[in-house]
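Undergrad: Going by this note's numbering, the sequence shown opens with residue 511, and the numbers climb by one from there. C-beta: ideal position from N, C-alpha, C; glycine also. Handing you a structure now.
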Amino acid sequence: MQKRLKVALWLLSIIIATTQASNVIAQNSDSNSIIYITTNVGYSSNSVLFLGKTPDTQSFFSYIGFGKEIKSPFEGIKTYVTRGIIPFIEFSYPKRDEGSRRDLVSGFGISPIGYTFIKPFKNFEVETGIKSGFNLINKTFPTDKGRRFNYSFDIKLAVQRQILPQTYLSLGYKFHHISNAQTGSENPGIDSNFIYFSIKQF
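Encoded structure:
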């Protein structure tokens, strides 16, 4: 119970810090700036050995968040600051300290800050972006010397098309990295190649 209370207090402190950061951003942005709400789901059929060192991993994620338009540093490109929650994330991977026995873990997280850039074209839009997050997994992973609490970031590239007056559908690719950032005794990390779908409502 005490451990769960500590986790709850930590999550609350992150939410408060995120709200304060968003208020600062909002003060520096146009009061009439556009806001969108988005829902994402994605699947990765395999992992790559780049920053992470855990092979043959299948992953699934869901994400709910919003973006607020801010003044863009790039001409002709819409810029949004984003934040959201990760209601569910799952990894099926070979656990190397158990003879590569496959293990399945799941968890949830938050994404306190991110940026999305959208370039409009005649019949579609190209979207790219980056965001960071914190994830709490239901058990230590990817090894017994890892941690339940992990950090993540992802970089995305997608094609977006309007399907209703204020609704857009996206299909994209997302490189996702998760690890404990050397806070555990071991830190193999996992790099996932997600194909994802996104719906935005402006």
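With a cut-off of 8 angstroms on the beta carbons, I'd call S708 and T592 a contact; round off their distance for me.
TA: Contact flag wrong, Cβ pair sits at about 12 angstroms.
Undergrad: Check for me: the beta strand (DSSP E) holding D613 runs from which residue to which?
TA: Element bounds for D613: 611 to 630.
Undergrad: Quick check on this structure: which residue in F618, Q672, T653 has the alpha carbon closest to the alpha carbon of E608?
TA: Closest option to E608, Cα to Cα, is T653.
Undergrad: Could you check the C-alpha separation between E637 and N645 for me, to the nearest Å?
TA: If you take the alpha carbons of E637 and N645, they lie about 25 angstroms apart.
Undergrad: Look at the alpha carbon of S695 and the alpha carbon of I544, and state the distance between them as a whole number of angstroms.
TA: The straight-line gap from Cα to Cα measures roughly 44 angstroms.
Undergrad: Among V551, Y706, Y546, which one has its Cα closest to the Cα of Y625?
TA: Among V551, Y706, Y546, the Cα nearest to that of Y625 is on Y546.
Undergrad: Could you tell me if F601 is buried or exposed, where buried requires 16 or more neighbouring beta carbons within 10 angstroms of its beta carbon?
TA: Flag for F601 reads buried.
Undergrad: Identify whether Q711 lies in helix, strand or coil by the three-state DSSP scheme.
TA: The answer is strand: DSSP assigns Q711 an E or B state.
Undergrad: Could you have a look at E696 and say whether DSSP puts it in helix, strand or coil?
TA: In this structure, E696 counts as coil in the three-state DSSP scheme.
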